[in-house]
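Here is the structure we will look at, set down as structure tokens.
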Amino acid sequence: MGRPELVLLLLLFLPSGHGDPLDNYVNTQGASLVTFTRKQLDAGSIAECAAKCEEEATFTCRSFQFHSKEQHCVVMGDNSKSAPVLRMRDVVLYEKRIYLSECRTGNGRRYRGTMAKTRNGVACQKWSESVPHVPKYSPTTHPSEGLEENYCRNPDNDEKGPWCYTTDRATRFDYCDIPECEEECMHCSGENYEGTISRTKSGLECQAWDSQTPHAHGYIPAKFPNKNLKKNYCRNPDGESGPWCFTTDPNKRWELCNIPRCTTPPPSSGPTHQCLKGRGESYVGKVAVTLSGHTCQRWSQQTPHKHNRTPENFPCKNLEENYCRNPDGESGPWCYTTNSEVRWEHCKIPSCESSPLSLEQVDVTVPPEQTPVVQECYHGNGQSYRGTSSTTITGRKCQSWSSMTPHRHSKTPDKVPNAGLTMNYCRNPDGDKGPWCYTTDPQVRWEFCNLRKCSEAQGAATNAAPAVQTTSSQASPEADCMLGNGKGYRGKRATTVAGTACQAWAAQEPHRHSIFTPESNPRSGLEKNYCRNPDGDINGPWCYTTDPKKLFDYCDVPLCVSSAFDCGKPKVEPKKCPGRVVGGCVANPHSWPWQISLRTRFGMHFCGGTLIAPEWVLTAAHCLERSSRPSSYKVILGAHRERNLEPDVQEREVSKLVLEPSRADIALLKLSSPAIITEKVIPACLPPADYVVADRTVCYITGWGETQGTAGAGLLKEAQLPVIENKVCNRYEYLNGRVKSTELCAGLLTGGADSCQGDSGGPLVCFEKDKYILQGVTSWGLGCARPNKPGVYVRVSRFVSWIQATMRNN
């Protein structure tokens, strides 16, 4: 599914009745090329700009930029492979796929990559030169064949594929090793397959990846921008033996697709290692013993354990002998064991780093999720900001400043040493209007961060009345603040961030424009010269300016704050300790202020729960099996210690028990009187109805439950756990089909961190943009913190309608 702002642009600028003409382009928002081979042209639409790129005759057009507010395009002879890329507001870069691709389709007649040596490693001769060989094919004689530089090409339609004249006098020409594109076939296990097959092996039609019907799932395209989850095409986002899809048959959740294997060697997968780097997918060492000392079973054998992780199914994963490997994206190298009682285990592989890496540690290539709490803000333009926020205004995660993936850039800690470019934290190294970062989405180069100015945050907190969960998505018409990107802003600010007065939207002086007028956009509130956001710009409201030298600029409209105590926003920053309420760590006191202790009438803690509104607590139904009388229970709010409670905790009787009518393991408790919302007692936010948490989302569990001797007993503990898609969790190796669609899994498959007895009914919360959302209620598991047995939680989003109706009717 496309980004909302780009979809909006396409709707605005594409002629009606036409399909998307941009399938042959890769687009990147906020990116601009630095090149001398360029031509600026007027264009009223993206489609018109693409047409001008195709028509360009003075040079080969490889890319174009479209500037919506300026209504012009720039066609260019370079792309990101040959020219530097800068970040820029209000621009989308479109690059022709054919010039980015380093693979061939069919015999490679249309190959336009940059391979410039033969299969024997000999450098190619330039097509325009006559030494050492006089060419039959040259840019002059065959101008449409892409005979640039000395790149491998196939101008004569040779069935053997691209070739070139060589720089070796003894060999006139030779063929090049260009791998096949994974459009009609697949290399390895099809992890990079980009074809359009959309039926399974048995002929079932595939469900679209951006659909949750008939099968709800966690492979959400927006959360997996690198997995190419387009339309309903077969893909392999989770390390299966080949591309697959969810099906449109309600009785068959998913199935593999029938994709033929490519006949050419696959592209290089990069360097291999004899030690552990990252998740160990590049490990090719000879360790063949598991953590518990079991000998590994050979990958090619089916005894004592039958499996499909065979060298035939996973041909590029170096499944030799019985050596530990990671063929399917596990958290580290593993193997099936020769012990019939232990199906598989991870292996202990020495780290490539100086200090050993445990399997519980976070992959060093991916910065940990650092999340702002309500007190994080910045002064001025945020150049002095040194907080730990790493989330953009649209909820995307920031790319590490020291990383070049997915975006290459020059804002590195070495080159800008005084800008505080630590990890992937939001910063402002170039004096922009506020903190920003490069994003982990390949199609969005950068965005401003989800932070507000300290003056705005303090003013809002001072003026707001104590309240709780806000459900409205619209600010009042009079509000001089914005929600989200401010598309619904209808306030009366009329000056830019630089203090320049705005030009009236109906005026054509000093700037002529035709797209954003009151007539062409009657629903965008383009009154007078007020700041507005008619095109859904991620940077917020803007206007054409009265400065003849400045076409447009953004307005300084603050974010709205609904209350002094917003749901899901603790006043104390949580630790968010990684990995290993068995295992985890003792929480910062009151950093999870929605956690409650459910107790017997005599004060003994036996279950957890979550405050979701001043009068309502959500817990597990099985916690209430001991008695159906509300008077049998009481609720403690705002506690950190299980015993010797703090003097300011709140205690409430339970006035009503409401069990979910379909007998799911979820229940509501109505308190005898509303909780007082304070810095230590704040509700968690409910998710949208039927929302599905994306696979591998990092979430948090909390509770006072059994610690199995891991320390911290009697104090509230927390643990960080990744969500595991039900498709994976229901594999034979894990929970073998036991997990229902109304449940979700979370846990470390290596074991060591989990909820346990006494945690039942407690929260599983996941951070989304700027708040914690209650996504799960702790329900059941096979033991506590056992390897390959993640915990199971009731999926709260499936019961939101029931929750809201119950609270409304009671």
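Letter by letter, the sequence shown follows residues -19 to -1, 1 to 791 of mature numbering (1 follows the signal peptide of the UniProt record, and there is no 0). We put the beta carbon where it would ideally sit given N, CA and C, even for glycine. What you are looking at is a predicted structure, and each value in this text was computed from that prediction instead of being measured.
Asked	Found
CB of residue 131 within 8 Å of CB of residue 143, strictly	no
Residue 119 versus residue 111: straight-line alpha-carbon distance, rounded	10 Å
Proximal residues to residue 82 (C-beta, below 7 Å), its chain only, five neighbours per side dropped	94 and 162
Between the CA atoms of residue 466 and residue 648 - distance to the nearest angstrom	36 Å
Identified DSSP bridge partners for residue 368	None; residue 368 has no bridge partner.
Inter-residue spacing [alpha-carbon to alpha-carbon] between residue -3 and residue 164	With a pLDDT of only 35 at residue -3, under 50, the local geometry of the prediction cannot be trusted, and the value read off the model is given with reservation. Distance between the alpha carbons of residue -3 and residue 164 is about 28 Å.
Paired residues, beta bridge with residue 794 - DSSP	Limits of the chain in this structure are -19 at one end and 791 at the other, which puts residue 794 out of reach.
Identity of the residue in 476, 487, 518 and 549 nearest residue 526 by Cα	476
Whole-angstrom C-beta distance between residue 612 and residue 638, which should lie under 8 Å	With a Cβ gap of about 10 Å, residue 638 and residue 612 do not count as contacting.
Three-way DSSP call (helix, strand, coil) for residue 200 in this model	coil
Those runs of the beta strand (DSSP E) which lie wholly inside the region 67 to 134 and span at least 3 residues	none
Supposed close pair residue 401, residue 367 - CB separation, criterion 8 Å	5 Å
Buried or exposed (CB count within 10 angstroms, at least 16 for buried), residue 744	buried
Beta-carbon gap between residue 432 and residue 410 smaller than 8 Å	no
The region 198 to 213 touching the region 419 to 427, judged by at least three CB pairs closer than 8 Å	yes
C-alpha gap between residue 24 and residue 398, whole angstroms	41 Å
Cβ neighbour criterion (16 or more within 10 Å) applied to residue 504	exposed
Span separating the alpha-carbon of residue 248 from that of residue 317	28 Å
Beta strand (DSSP E) runs contained entirely in the region 494 to 533, provided each spans 3 or more residues	523 to 525
Residues near residue 335 in its chain [Cβ-Cβ closer than 7 Å; skip 5 each side]	Since pLDDT at residue 335 reaches only 49, below the 50 mark, its modelled position is unreliable, and the value read off the structure follows with that caveat. Result list for residue 335: empty, nothing under 7 Å.
Complete runs of the beta strand (DSSP E) confined to the region 397 to 421 [at least 3 residues]	417 to 419
Backbone CA spacing between residue 761 and residue 645 [nearest angstrom]	12 Å
CA-to-CA distance, residue 790 to residue 471, given in whole angstroms	34 Å
Three-state secondary structure (DSSP) of residue 605	helix
Separation of residue 62 from residue 51, as counted between CA atoms	26 Å
Beta-carbon spacing of residue 581, residue 614 below 8 Å	yes
Residue 429 - DSSP class collapsed to helix/strand/coil	strand
Option nearest residue 150 by Cα separation, candidates 674, 116, 129 and 706	116
Burial state of residue 606 (16 or more Cβ within 10 Å)	exposed
Counted within 10 angstroms of its Cβ, other Cβ atoms place residue 508 as buried (16 or more) or exposed	exposed
Endpoints, the alpha helix (DSSP H) within which residue 784 is located	781 to 790
C-alpha gap between residue 598 and residue 591, whole angstroms	5 Å
Assigned exposure category for residue 547 - 16 Cβ within 10 Å defines buried	buried
For residue 788 and residue 226, the rounded distance between their alpha carbons	38 Å
Given 8 Å, three or more beta-carbon pairs between the region 172 to 187 and the region 218 to 233	yes
Cβ neighbour criterion (16 or more within 10 Å) applied to residue 661	buried
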